[in-house]
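Data first, discussion second: the structure below is written as structure tokens.
2 protein chains.
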Amino acid sequence: MANSKLYKGSLVTIILKLLNESDKMYGYEITQKVKELTKGELKITEGALYPALHKLEAEGLLEVEVKKVDNRLRKYYKLTEKGNKETVSKLQELQDYIKTMQVLVNPKLSLE
Amino acid sequence: MANSKLYKGSLVTIILKLLNESDKMYGYEITQKVKELTKGELKITEGALYPALHKLEAEGLLEVEVKKVDNRLRKYYKLTEKGNKETVSKLQELQDYIKTMQVLVNPKLSLE
DNA sequence: AAATATACATAATATTCTTATGCATATAGT
DNA sequence: ACTATATGCATAAGAATATTATGTATATTT
């Protein structure tokens, strides 16, 4: 997430949405998926990602399952029911934010 | 700016764009204009606004002119030439951010 | 053999915001 | 007349979220 300051606050939304699509993912996989989808424009840093995953787990939005693959550890995360609800809410928040910003930045538009 | 976490990082963009449209504005006026444009959805807090204005001025993006109106002080801010350039850049950043987020959140879209 | 990729983690620091507080004048409501 | 709200500025303490740096460990590529 080493880019424009606007990404601050978006990480949780991104994590939740990706898990919503992919059933279960592990941390490193998330960083790679974001890099791929954004063609390298957005790079999630580990120092931001791992604490965020831990926090979401602590809040009961994610549940974790540890697996050993190729003699290396992977922590697979998946959404809980609570996590599913929060995903919907976060996506709505994002749409609202985008709409609001477009109104502020494009004086021809207006909120209704 | 007592709102969704997504607004973090957007304040400077909002300030610059409003000044770009209105020639010159004072702080309180900016808070009211944002409230009006967003129909109360977004409220800029003074604790965020004033330090941001001071920083932009220190960076040479804004210049200030103090006026006394109705026996009360107003500090009018306007964009410098450097501020104009930064406005263009910040608006581009916002468009890029929105595009990137839509790709991440809507798997049917893609960046080109 | 060394560099890169995979995979996790945390600590120090920076940035940006909220909340709380302070000062001062003007106006509207009771 | 008194009080609340509006106008207008400002700063400090604290929260939230990220960057940068560092650490551990195994696997693969050059």
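Going down the list, the protein sequences come from chains A and B. Heads up: the first sequence begins at 2 in the numbering used here, then just goes up one per residue. Heads up: the second sequence begins at 2 in the numbering used here, then just goes up one per residue. Idealized CB from N, CA, C, for every residue including glycine. Note that the structure is predicted; figures quoted are calculated from it, not measured.
DSSP state of residue i mapped onto helix, strand, coil
i      : result
L74/B  : strand
K68/B  : strand
L20/B  : helix
M102/B : helix
K86/A  : helix
K25/B  : strand
L80/B  : strand
A43/A  : Ala is not the amino acid found at residue 43/A; the sequence shown has Leu there. If DSSP states are grouped into helix, strand and coil, L43/A belongs with coil.
L63/B  : strand
L38/A  : helix
S10/A  : A small correction: the amino acid at residue 10/A is Gly; Ser does not occupy that position in the sequence shown. Coil, per DSSP.
L110/B : coil
Spatial neighbours of residue i in its chain, beta-carbon cut-off 8 Å, leaving aside the 5 residues before and after
i     : result
D97/B : none
E58/A : E64, V65, Y78
N21/A : L80, N85, T88
G61/A : T81, K83, G84
Cβ-based neighbour list, residue i, same chain, cut-off 7 Å, excluding 5 preceding and 5 following
i      : result
Q103/A : L110
K40/A  : none
I31/A  : I16, L19, I45, L50
Burial state of residue i, where buried means 16 or more other Cβ atoms lie within 10 Å
i     : result
T88/A : buried
L74/B : exposed
V67/B : exposed
V70/A : exposed
Same chain only: Cβ atoms within 6 Å of residue i, ignoring 5 sequence neighbours per side
i     : result
T14/B : K91, L95
Y27/A : R75, K76, Y77
Y8/A  : M2
S5/B  : none
K25/B : Y77, K79
Where residue i meets chain A, residues with beta-carbon distance less than 7 Å
i      : result
I99/B  : I99
P108/B : E22
V89/B  : Chain A residues near V89/B: none, gap ~12 Å exceeds 7 Å.
Where residue i meets chain A, residues with beta-carbon distance less than 8 Å
i     : result
M26/B : In chain order: nothing, as chain A lies at least about 13 Å away.
T39/B : T101, V104, L105, L112
L92/B : V106
L7/B  : G10, S11, T14, E94, L95, Y98
K18/B : L105, V106
Proximal residues of chain B, C-beta to C-beta of residue i below 7 Å
i      : result
M102/A : S11, L95
I15/A  : L105
Chain A residues whose Cβ lies nearer than 9 Å to that of residue i
i     : result
T32/B : Residues of chain A passing the Cβ test: none, with the nearest at roughly 13 Å.
V35/B : L105
Contacts that residue i makes with chain B (C-beta to C-beta distance below 8 Å)
i     : result
L43/A : T101, L105
Rounded Cβ spacing between residue i and residue j (contact assumed at less than 8 Å)
i      : j     : result
T101/B : E42/A : 6 Å
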